[in-house]
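Each residue of the sequence shown is one higher than the one before, counting from 9 in the numbering used here.
For glycine and all other residues, C-beta sits at the position ideal for the given N, C-alpha and C.
These figures come from a predicted structure and were not determined experimentally.
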Amino acid sequence: MLRMRLQRVGRKHDTYYRVVIAKKQSPVKGKFIESIGQYNPAKANVHIDVEKALAWLGKGVMPSNRVSRLLTGAGVKHKLIVIKKFREKSKEEVAKEQAEKEAVKVEKEQEKAEAAPEKAADEKAPETPEQPKKEEVKSEELKAKTKPEPARNASQSDAGGEIK
9 MLRMRLQRVG RKHDTYYRVV IAKKQSPVKG KFIESIGQYN PAKANVHIDV EKALAWLGKG
69 VMPSNRVSRL LTGAGVKHKL IVIKKFREKS KEEVAKEQAE KEAVKVEKEQ EKAEAAPEKA
129 ADEKAPETPE QPKKEEVKSE ELKAKTKPEP ARNASQSDAG GEIK
C-alpha cells in the first residue's frame with residue numbers, strides 16, 4: 009500500500025521535508041517512489057506539484073495527516089484527503105465530566121425515589137392496613153402449628169450442653 013508522507017531532510021535544528029510517495033511499510037528515511045514537493049516549516053514554504061499529487065490521489069494513495077493539511081492549504085480537493093481531528097480535552101477531563109454527570113443522575117434518581125414512596129403511601133394509605141393484618145394472622149398460625157425439633161444431644165439443647 010502506498011502512502012503520501014513527509015521525509016525529513018536537512019541538518020540538525022534546520023530541517024525541511026520532502027513530500028514523497030513511498031510504501032507504507034518502508035522506513036521513514038528509506039527508498040521512495042517519487043518526490044512531489046517540499047515543505048520548510050521554519051519559513052513556512054510549501055512547494056507541491058499539484059498535478060502529480062492529484063494523479064497519485066487518483067491511483068488511491070492515502071496522504072498522511074500532515075500532508076493532507078498541506079494539500080488543503082495548497083487548494084487541492086479530493087475525497088481521499090481526510091484530516092484527523094484530535095481531542096480538544098484529555099481523557100482525564102472527559103472522565104471527570106462523565107463522573108459529574110453520573111453523580112447528578114444518581115442524585116435525581118434518589119430524589120425521585122424519596123418522593124415516590126411518599127406519594128405512593130398517600131394514595132395507598134387505606135389499603136395498606138388491611139393487607140398486613142392477613143399476613144400477620146397467617147404467620148402466627150404457622151408458628152403455632154410448627155413445633156421446635158427436640159435436641160439430639162446435650163450440645164444442641166437450649167441448656168447449653170448441660171445434662172438435666
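{"query": "At what residues does the beta strand (DSSP E) containing Arg13 begin and finish?", "result": "10–19"}
{"query": "If Asn73 and Lys92 are in contact, beta carbons under 8 Å, what's the gap, nearest whole angstrom?", "result": "5 Å"}
{"query": "Answer yes or no: do Val69 and Met12 have a C-beta to C-beta separation smaller than 8 Å?", "result": "yes"}
{"query": "Using a Cβ-Cβ cutoff of less than 8 Å, which residues in the same chain neighbour Ala50 once the five nearest sequence positions on both sides are dropped?", "result": "Asp22, Thr23, Tyr24"}
{"query": "Taking Leu10 as the reference, which of Lys20, Val28, Ala82 has the closest Cα?", "result": "Val28"}
{"query": "Return the residue from the list Val90, Ser43, Lys97 that minimises the CA-CA distance to Val17.", "result": "Ser43"}
{"query": "Buried or exposed for Val90, going by 16 or more other Cβ atoms inside 10 Å?", "result": "exposed"}
{"query": "Could you please give me the residues that DSSP links to Asp22 through a beta bridge?", "result": "Arg19"}
{"query": "Leaving out five residues on either side along the sequence, give the residues of the same chain with a beta carbon under 8 Å from the beta carbon of Thr80.", "result": "Ile89, Ile91"}
{"query": "Which residue marks the beginning of the beta strand (DSSP E) containing Glu42, and which one marks its end?", "result": "42–48"}
{"query": "According to DSSP, what are the bridge partners of Asn53?", "result": "Asn48"}
{"query": "On the DSSP bridge assignment, give the partners of Ala30 in chain order.", "result": "Arg11"}
{"query": "With distances taken from CA atoms, which of Trp64, Asn48, Tyr47 is nearest Ile41?", "result": "Trp64"}
{"query": "Check each candidate in Val102, Glu119, Arg77 and name the one with the smallest Cα separation from Leu52.", "result": "Correcting the residue type first, residue 52 is Ala in the shown sequence and not Leu. Ala52 has its Cα closest to that of Arg77, out of Val102, Glu119, Arg77."}
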